[in-house]
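Asker:
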Amino acid sequence: MLQILDSTLREGEQTPGVYFDKHIKLAIAKMLDDIGVDIIETGHPSVTQEIHDSVQIIAHNNFKAIVGAHARSLKDDVQLALNCGVDFIGIFYCVSDDRLNTVFKKDLAEAIIQITDVIKFAKSQNPDIIIRYTPEDTVRSEFSNVVAVSIAAVEAGADIISVADTTGYMIPGTDRSMFDYISKLKYELNSRGLNPKIAVHCHNDRGFALANALDAYRAGAEIIDASVLGLGERAGIVDLAQIMMVLTADFGLNNWKLDKLDELYQFVSSHSGVPIPGNYPIIGKHAFTHCAGVHTHAAAINPTHYESLDPQLLGKERTFSLDHMSGIASIKYALSFIGETKLSPELQLEVLAQVKNIGQKGKVVELTELPHIVHFIKQNYKHKQKSK
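Position 89 (the sequence shown) corresponds to 669 in my numbering; numbering is contiguous.
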């Protein structure tokens, strides 16, 4: 069964300028739990005392979700996470030859000893703790190194191997395919009788994070990392709402309360200072708004003519924008919302002309303004009739 790991509170805080106060982190965790996120990654306790305290508070709230923490491959980091009372620890260590030689000054064998010793230590302290091991920058590391360290990590007690596209390097349909990578890694592990869960952590540097995550799922990955607004290092990671919506609408999964996503996004946007673009998929203000006359006319008859996603899954309704692109179908549809169903065709055209005039000034006529336009046109029509 697929699980979603949300990393808004960990990866999300690696967005420049983003920091959530402790009470805000707890509130976000509660919203994530209500939506049905499977794993909440709460932070790296060794970074600051505030993060440590937040992780500890969230871990003791009896959420349905698994509560996890981040740690380097160091026993002190792992002990801090264990002290917080989390259910899950994500341990990371890069095993590319370049990083091993130039940064860590170790060979692969030495790195594997450090990684497996830390995993064994964590399990000795809490046999029930879920351990995820991530070879950082997995997909650009030598595949043989990744296989070797993954085998050793699982044999030492790791429950999950996470494939990290740390730099957003993978491209669907090429020789850098995430589908192919996950398939090969699973084969190498399974052929040795090892069956850890496979997770993916996809960065969005090339704009392919969502596509790569879906490729990984199709290849058998069981955990996908995401964050609200795709927050994270550089261009961020997979967007939570987008992956949940696609998995629901296109892959038949029905594990999450999508109608609670909008509240979460507004809250995170407000407290992160990161605005939600109007054209942002799924959650943006205009995601289900039809504008051009041809679109609105067809969508008013049958929304599927210009929609492939149902806004009702999110507890939303489609809307029709009233501006310079509007046609008479948009006007009739909008008039029905304000109870003006008997306006003559002549006056409907006058309303349309006025809406287009306002739209040409770069403005959108909201439904709250439309009654005033109608009232003005009615009064103007009466005045002209009396003047004849």
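Where a beta carbon is used, it is the ideal one built from N, C-alpha and C, also for glycine.
Since I631 and D586 should fall inside the 8 Å C-beta cutoff, what is the C-beta to C-beta distance between them, to a whole number of angstroms?
Answerer: On the sequence shown, residue 631 is found 51 positions in, with the first residue counted as 1. On the sequence shown, residue 586 is found 6 positions in, with the first residue counted as 1. Not quite, the Cβ-Cβ distance comes to about 16 Å (not below 8 Å), so this is no contact.
Asker: Can you say whether T696 is buried or exposed, counting buried as having 16 or more other CB atoms within 10 angstroms of its CB?
Answerer: Locating residue 696 in the sequence shown gives position 116, counting from the first residue. By the neighbour-count rule (16 or more Cβ atoms within 10 Å), T696 is buried.
Asker: CA-CA distance, I778 and Y797?
Answerer: Counted from its first residue, the sequence shown places residue 778 at position 198. Counted from its first residue, the sequence shown places residue 797 at position 217. Taking the straight line joining both Cα atoms gives about 9 Å.
Asker: Give every residue of the same chain whose Cβ lies closer than 7 Å to the Cβ of T588, excluding the five residues on either side of it in the sequence, and list them in chain order.
Answerer: The sequence position of residue 588 within the sequence shown is 8, counting from 1. Correct list, in chain order: I608, S807, V808, L811 and V848.
Asker: Count the other CB atoms, across all protein chains shown, that sit within 10 Å of the CB of R590; report buried if there are 16 or more and exposed otherwise.
Answerer: Here the question's residue 590 lines up with position 10 in the sequence shown. So R590 counts as buried.
Asker: Quick check: what's the CA-CA separation for P776 versus A909?
Answerer: As a first step, residue 776 is located in the sequence shown; it is residue number 196 there, counting from the start. As a first step, residue 909 is located in the sequence shown; it is residue number 329 there, counting from the start. So the alpha carbons of these two residues sit roughly 55 Å apart.
Asker: Does V675 pass the burial test, meaning 16 or more other C-beta atoms within 10 Å, or should it be called exposed?
Answerer: Counting from one through the sequence shown, the residue named residue 675 turns up at place 95. Looking at its Cβ environment, which holds 16 or more other Cβ atoms inside 10 Å, V675 is buried.
Asker: For a test of the three-state rule: what should DSSP assign to E621, helix, strand or coil?
Answerer: On the sequence shown, residue 621 is found 41 positions in, with the first residue counted as 1. Three-state result, E621: strand.
Asker: Relative to the alpha-carbon of D830, which residue among D890, I918 and I710 has its alpha-carbon at the smallest distance?
Answerer: For the purposes of this step, residue 830 is taken as residue 250 along the sequence shown, with counting starting at 1. Nearest of D890, I918 and I710 to D830, Cα basis: D890.
Asker: At what residues does the alpha helix (DSSP H) containing F847 begin and finish?
Answerer: The residue labelled residue 847 in the question sits at position 267 within the sequence shown. Here the alpha helix (DSSP H) through F847 covers L841 to S852.
Asker: Under 8 Å: do the stretch 911-925 and the stretch 857-868 share three or more Cβ pairs, one atom per stretch?
Answerer: As far as the Cβ criterion goes, the stretch 911-925 does not touch the stretch 857-868, which means the pair count is below three.
Asker: Label V954 either buried or exposed according to how many other C-beta atoms from any shown protein chain fall within 10 Å of its C-beta, with 16 as the threshold for buried.
Answerer: Within the sequence shown, numbered from 1, the residue matching residue 954 stands at position 374. V954 comes out buried.
Asker: In the DSSP assignment, find the beta strand (DSSP E) that holds I584 and state where it starts and stops.
Answerer: Along the sequence shown, read from residue 1 onward, the residue named residue 584 stands at position 4. Element bounds for I584: Q583 to D586.
Asker: With the cut-off set at 7 Å, would you say V935 and S967 are in Cβ contact?
Answerer: The residue given as residue 935 occupies position 355 in the sequence shown. The residue given as residue 967 occupies position 387 in the sequence shown. Cβ atoms of V935 and S967: not closer than 7 Å.
Asker: Measuring alpha carbon to alpha carbon, tell me which of I604, D614 and I615 ends up nearest D633.
Answerer: Position 53 of the sequence shown holds residue 633. Per the Cα distances, I604.
Asker: Could you spell out where the alpha helix (DSSP H) holding T828 opens and where it closes?
Answerer: The residue given as residue 828 occupies position 248 in the sequence shown. L820 to A829 is the span of the alpha helix (DSSP H), which, as asked, contains T828.
Asker: State the Cα-Cα distance for the pair D687 and D739, rounded to the nearest angstrom.
Answerer: Counted from its first residue, the sequence shown places residue 687 at position 107. Counted from its first residue, the sequence shown places residue 739 at position 159. Approximately 24 Å, taken between the alpha carbons.
Asker: Go to C782, then tell me how far its beta strand (DSSP E) extends in each direction, as first and last residue.
Answerer: As a working mapping, residue 782 is identified with position 202 in the sequence shown. Segment K777 to C782, the beta strand (DSSP E) holding C782.
Asker: Does the separation of the CB atoms of G939 and H904 fall below 7 Å?
Answerer: On the sequence shown, residue 939 is found 359 positions in, with the first residue counted as 1. On the sequence shown, residue 904 is found 324 positions in, with the first residue counted as 1. Cβ distance < 7 Å, so G939 and H904 count as in contact.
Asker: Where are the beta strand (DSSP E) runs, 3 residues long or more, that stay fully inside the stretch 635-694, in chain order?
Answerer: The qualifying runs are 646-652 and 668-672.
Asker: Throw me the rounded Cβ distance for the A815 and G748 pair, which I believe falls under 8 Å.
Answerer: Here residue 815 refers to the residue found at position 235 when the sequence shown is read from its first residue. Here residue 748 refers to the residue found at position 168 when the sequence shown is read from its first residue. 7 Å between Cβ atoms; contact.
Asker: Use the C-beta contact count for Q892: other C-beta atoms within 10 angstroms, 16 or more gives buried, fewer gives exposed.
Answerer: Indexing the sequence shown from 1 puts residue 892 at position 312. Under this definition Q892 is an exposed residue.
Asker: Is the beta carbon of I918 sitting closer than 7 Å to the one on L894?
Answerer: The residue you call residue 918 lines up with position 338 of the sequence shown. The residue you call residue 894 lines up with position 314 of the sequence shown. No, they are not a contact pair.
Asker: Between V743 and V683, is the Cβ-Cβ spacing less than 7 Å?
Answerer: Here residue 743 refers to the residue found at position 163 when the sequence shown is read from its first residue. Here residue 683 refers to the residue found at position 103 when the sequence shown is read from its first residue. The answer is no: Cβ separation not under 7 Å.
Asker: According to the neighbour-count rule (16 or more other Cβ atoms, all chains shown, within 10 Å of its Cβ), is D656 buried or exposed?
Answerer: Taking the first residue of the sequence shown as 1, we reach residue 656 at position 76. Under this definition D656 is an exposed residue.
Asker: Taking the beta strand (DSSP E) that Y713 falls in, what are its first and last residues?
Answerer: Taking the first residue of the sequence shown as 1, we reach residue 713 at position 133. Residues I710 to T714.
Asker: Count the other C-beta atoms from every protein chain shown that fall within 10 angstroms of the C-beta of I693, then say buried if there are 16 or more, exposed otherwise.
Answerer: Residue 693 sits at position 113 when you count from the first residue of the sequence shown. Exposed, because fewer than 16 other Cβ atoms sit within 10 Å of the Cβ of I693.
Asker: Buried or exposed: which applies to D613, given that a residue is buried once 16 or more other Cβ atoms fall within 10 Å of its Cβ?
Answerer: Here residue 613 refers to the residue found at position 33 of the sequence shown. Result: buried.
Asker: Which one of D795, R720 and I637 has the shortest CA to CA distance from K678?
Answerer: As a first step, residue 678 is located in the sequence shown; it is residue number 98 there, counting from the start. One point to set straight first is that residue 678 is Asp, not Lys, in the sequence displayed. With distances taken between Cα atoms, D678 lies closest to R720.
Asker: Can you tell me the Cα-Cα spacing of I709 and K610, whole angstroms?
Answerer: The residue given as residue 709 occupies position 129 in the sequence shown. The residue given as residue 610 occupies position 30 in the sequence shown. Approximately 22 Å, taken between the alpha carbons.
Asker: When the Cα atoms are used, what is the spatial distance from T733 to Y713?
Answerer: Numbered from its first residue, the sequence shown carries residue 733 at position 153. Numbered from its first residue, the sequence shown carries residue 713 at position 133. Here residue 733 turns out to be Ala, not Thr, going by the sequence shown. Each residue's Cα considered, the two are about 7 Å apart.
Asker: In terms of alpha-carbon separation, which member of N835, K840, Q822 and L844 lies closest to N859?
Answerer: Position 279 of the sequence shown holds residue 859. Nearest of N835, K840, Q822 and L844 to N859, Cα basis: Q822.
Asker: Exposed or buried, which one is F723 when buried takes at least 16 other CB atoms within 10 Å?
Answerer: Translated into the one-based positions of the sequence shown, residue 723 becomes position 143. When all chains shown are included, F723 counts as exposed.
Asker: According to DSSP, simplified to helix, strand and coil, what is S807?
Answerer: Start at 1 with the first residue of the sequence shown, and residue 807 comes out as number 227. S807: strand per DSSP, three-state reduction.
Asker: In the DSSP assignment, what are the bridge partners of I740?
Answerer: Position 160 of the sequence shown, counted from the first residue, corresponds to residue 740. BP columns for I740 point to R712 and K777.
Asker: Measuring alpha carbon to alpha carbon, tell me which of E843, N663, A728 and A645 ends up nearest Q629.
Answerer: The count along the sequence shown starts at 1 and reaches residue 629 at position 49. Per the Cα distances, N663.
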